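There are 2 protein chains.
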Amino acid sequence: MNQVNEFLKESKARVDAVLDRVLPATTHRPGVLHEAMHYSMMAGGKRLRPALCYAAFEDCGGQGDAADWGAAALEMVHTFSLIHDDLPCMDDDDFRRGMPTCHKKFGEAMAVLAGDALSILAFHVLAKAGKAEAVTVLSEALGSDGMLGGQVVDILSEGKPCTLETVEYIHVHKTSALIEASLELGAVLAGADAERRKLYRDYGRAIGLAFQIVDDILDIESSTEELGKDVGSDVENQKATYPALVGLEESKKQARILVDRAVELAGRMGPRASVLADLARFMVERGN
Amino acid sequence: MNQVNEFLKESKARVDAVLDRVLPATTHRPGVLHEAMHYSMMAGGKRLRPALCYAAFEDCGGQGDAADWGAAALEMVHTFSLIHDDLPCMDDDDFRRGMPTCHKKFGEAMAVLAGDALSILAFHVLAKAGKAEAVTVLSEALGSDGMLGGQVVDILSEGKPCTLETVEYIHVHKTSALIEASLELGAVLAGADAERRKLYRDYGRAIGLAFQIVDDILDIESSTEELGKDVGSDVENQKATYPALVGLEESKKQARILVDRAVELAGRMGPRASVLADLARFMVERGN
Chain A
1 MNQVNEFLKE SKARVDAVLD RVLPATTHRP GVLHEAMHYS MMAGGKRLRP
51 ALCYAAFEDC GGQGDAADWG AAALEMVHTF SLIHDDLPCM DDDDFRRGMP
101 TCHKKFGEAM AVLAGDALSI LAFHVLAKAG KAEAVTVLSE ALGSDGMLGG
151 QVVDILSEGK PCTLETVEYI HVHKTSALIE ASLELGAVLA GADAERRKLY
201 RDYGRAIGLA FQIVDDILDI ESSTEELGKD VGSDVENQKA TYPALVGLEE
251 SKKQARILVD RAVELAGRMG PRASVLADLA RFMVERGN
Chain B
1001 MNQVNEFLKE SKARVDAVLD RVLPATTHRP GVLHEAMHYS MMAGGKRLRP
1051 ALCYAAFEDC GGQGDAADWG AAALEMVHTF SLIHDDLPCM DDDDFRRGMP
1101 TCHKKFGEAM AVLAGDALSI LAFHVLAKAG KAEAVTVLSE ALGSDGMLGG
1151 QVVDILSEGK PCTLETVEYI HVHKTSALIE ASLELGAVLA GADAERRKLY
1201 RDYGRAIGLA FQIVDDILDI ESSTEELGKD VGSDVENQKA TYPALVGLEE
1251 SKKQARILVD RAVELAGRMG PRASVLADLA RFMVERGN
């Protein structure tokens, strides 16, 4: 897994440099909004979605800085979703990655607006790549038939008996959609054709689902200290999770099956096939 | 003003037909989110921003349906801003256009998410025009150096003594930015050059400021019944308004000067010059 760690480290350095250029300075009015945006963007995180975008872009033979705009946009919309998910009217979380959440630090109004501003800035940055098609891919993944749809069904399911079909809807929409889009964006920005785009989407769906199942497992198994967020908050909120329905062992088995499928799909890819296969394995091994 | 009323009526019918096509059906999962989106989009409103987009598009000789995507996107982001502005952590308004606000009807979480989903869908719809430049114009107008920046400074100024410079910052950013963008989008979608785009932006700045000053005046002069929103809520919240600083008479005078400037700019425009001049006059005459 050294290859993955190296790739993640390089991708993080690259996208952080882009973010540093495109995020408005905190000295620029309104400073407090820009502070809130910086605070949440720089609160850590592995920059997994940017890494997936870069990997697909390079795998498709993409040249130039187009992937930088995609990578930065992906991390911004991911952060936007975390800020709004943490709000008192949503998951009501006080901590994220071991630090106070945006609304705990800056107040609720500023957290709503910082999330809004990051999602808008993401499209502004993505437009620099000059491809309307990239905007289509990202907006589809985020909208009411994507990530936001997943968040709504997640909220509506809280504290209620939940079917496996609903848990899968939530996982596919709330988590996988943006991970699929991360890969497809890299391909689109490199100018890949429809068939090739589908290969990355399928791979993205597999690792996205594996990622969410592992996340559910970690929420049960980990302690606050290790994860840096409220322990077992999913259990507390009676969240619809995969392990709650099929059990821990079956969940782990499903995650392994999904990763095997992703590794198989990576085998049909180009020069970055080996990194993409390792990224899939990395998905289920984090937290161990 | 018959020309304006006719043009507004036609534009509204046209953009409403587009919105009807692009808003997800309420039968489509998650239904409650789509209901909240429909509810706020269809709560009335003159569709002024779409009308400005159509007017500039036609004035620049634009052909085809490109302006439809711009017009629909503009109304969606405008509604997104109203939904979030009305939230309890922001202006905390219970009524909008005589109807319960989105969070009063659907709850706070759904209102945050419906606003988010409309802003995302706006970019999805705008991307149908195939011009990344259009995404740049819209996102710049909405972001932390545009509408959202204005909303932040507005919130931060509440209940505090406020300078004329700050009130002008709020007006330019919170209201004018999106009105300017409505006109510029029409021009961009029609393929206009930089010089022509600037003409529409300047006109948009003038009518945008006039519009906000008149809004402040109406907030003081009108009754709840007439306006369909909480009366004098700006005064109650000690909002930074133009009349509060320079007085009612001076405010009315400034609005008239701005409209004269807009009418003068409209004189340099093309086949839609007369409608655009009347639209400028309409800005200060509404509510009388």
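Protein chains in written order, with the working numbering: chain A, 1 to 288; chain B, 1001 to 1288. Just so it is clear, CB atoms sit at the ideal spot from N, CA and C, and this is done for glycine as well. Please read these numbers as outputs of a predicted model, since none were measured by experiment.
query: Contact criterion: CB-CB distance below 9 Å. Does A1132 of chain B meet it with respect to chain A?; result: yes
query: Looking at V1004 of chain B: is its Cβ nearer than 9 Å to the Cβ of F1211 of chain B?; result: no
query: Determine, using beta carbons only, whether F1057 of chain B comes closer than 9 Å to chain A.; result: no
query: Hey, could you find the ends of the alpha helix (DSSP H) V246 of chain A is sitting in?; result: Y242 to V246
query: Report buried or exposed for C1162 of chain B, applying the criterion of at least 16 other Cβ atoms within 10 angstroms of its Cβ.; result: buried
query: Suppose the cutoff is 8 Å on Cβ atoms and the five residues either side in sequence are ignored; what does the same chain contact list for A273 of chain A look like?; result: D59, A266 and G267
query: Tell me which residues share the same chain as V172 of chain A and place their Cβ nearer than 8 Å to its Cβ, disregarding the 5 neighbours each side in the sequence.; result: G150, R205, G208 and L209
query: Taking the alpha carbon of H38 of chain A as the point to measure from, which residue in A:A132, A:A262 and A:I83 has its own alpha carbon closest?; result: A:I83
query: Consider the Cβ of E1010 of chain B: report whether some Cβ of chain A lies at a distance smaller than 9 Å.; result: no
query: Starting from P161 of chain A, find everything on chain B with Cβ-Cβ shorter than 8 Å and list it in chain order.; result: Residues of chain B passing the Cβ test: none, with the nearest at roughly 18 Å.
query: Any idea what DSSP makes of R201 of chain A, helix, strand or coil?; result: helix
query: For a cutoff of 9 Å on Cβ pairs, would you count F123 of chain A as touching chain B?; result: yes
query: In the DSSP assignment, find the alpha helix (DSSP H) that holds Q1151 of chain B and state where it starts and stops.; result: M1147 to S1157
query: Could you confirm whether any beta carbon from chain B is found closer than 9 Å to the beta carbon of Y39 of chain A?; result: no
query: When you compare only the Cα positions, how much space is there between K198 of chain A and F7 of chain A?; result: 23 Å
query: To which residues of the same chain is K1105 of chain B closer than 7 Å at the C-beta, ignoring the five residues directly before and after it?; result: Y1039
query: For the alpha helix (DSSP H) containing P88 of chain A, list its first residue and its last residue.; result: P88 of chain A -> no alpha helix (DSSP H), and no H or E assigned at all.
query: Ordered along the chain, which non-local residues of its own chain (more than five positions away) have a Cβ less than 8 Å from that of M41 of chain A?; result: L19, L23, E75, M76, T79 and L118
query: What does DSSP give as the partner residue(s) for M1099 of chain B in the beta ladder?; result: B:R1096
query: Please check the pair V275 of chain A and A55 of chain A, which I expect to be a contact at CB under 8 Å, by giving their CB distance rounded to whole angstroms.; result: 6 Å
query: G70 of chain A and G186 of chain A - do their beta-carbons sit closer together than 9 Å?; result: yes
query: Assuming L1183 of chain B and R1201 of chain B form a contact by the criterion Cβ under 8 Å, report the distance between their Cβ atoms to the nearest whole angstrom.; result: 7 Å
query: L164 of chain A and L113 of chain A - do their beta-carbons sit closer together than 9 Å?; result: no
query: Could you list which residues in chain B have their beta carbon closer than 8 Å to that of Q151 of chain A, in chain order?; result: L1113
query: Name, please, each residue of chain B whose Cβ falls closer than 7 Å to the Cβ of L142 of chain A.; result: I1120
query: Express the C-alpha separation of A1067 of chain B and V1015 of chain B in angstroms, rounding to a whole number.; result: 9 Å
query: Measuring alpha carbon to alpha carbon, tell me which of A:E180, A:I257 and A:L156 ends up nearest A51 of chain A.; result: A:E180
query: Tell me the residue span of the alpha helix (DSSP H) that contains A36 of chain A.; result: G31 to M41
query: Run through DSSP, which three-state label would S1223 of chain B get?; result: Low confidence applies to S1223 of chain B: its pLDDT is 49, below 50, so where it sits in the model is not reliable enough to give any reading.
query: Is the beta carbon of R1029 of chain B sitting closer than 9 Å to the one on V153 of chain A?; result: yes
query: Taking Cβ-Cβ distances shorter than 7 Å, what residues in chain A pair up with A1109 of chain B?; result: C89, M90 and I155
query: Give the range of the alpha helix (DSSP H) segment to which T1136 of chain B is assigned.; result: A1132 to L1142
query: Would you mind stating whether E133 of chain A and H1124 of chain B have Cβ atoms separated by less than 9 Å?; result: no
query: Can you check whether the CB of S1144 of chain B is closer than 9 Å to the CB of I155 of chain A?; result: no
query: Any beta carbon of chain B sitting closer than 9 Å to that of D145 of chain A?; result: yes
query: Go ahead and pull the three-state DSSP assignment for K160 of chain A.; result: coil
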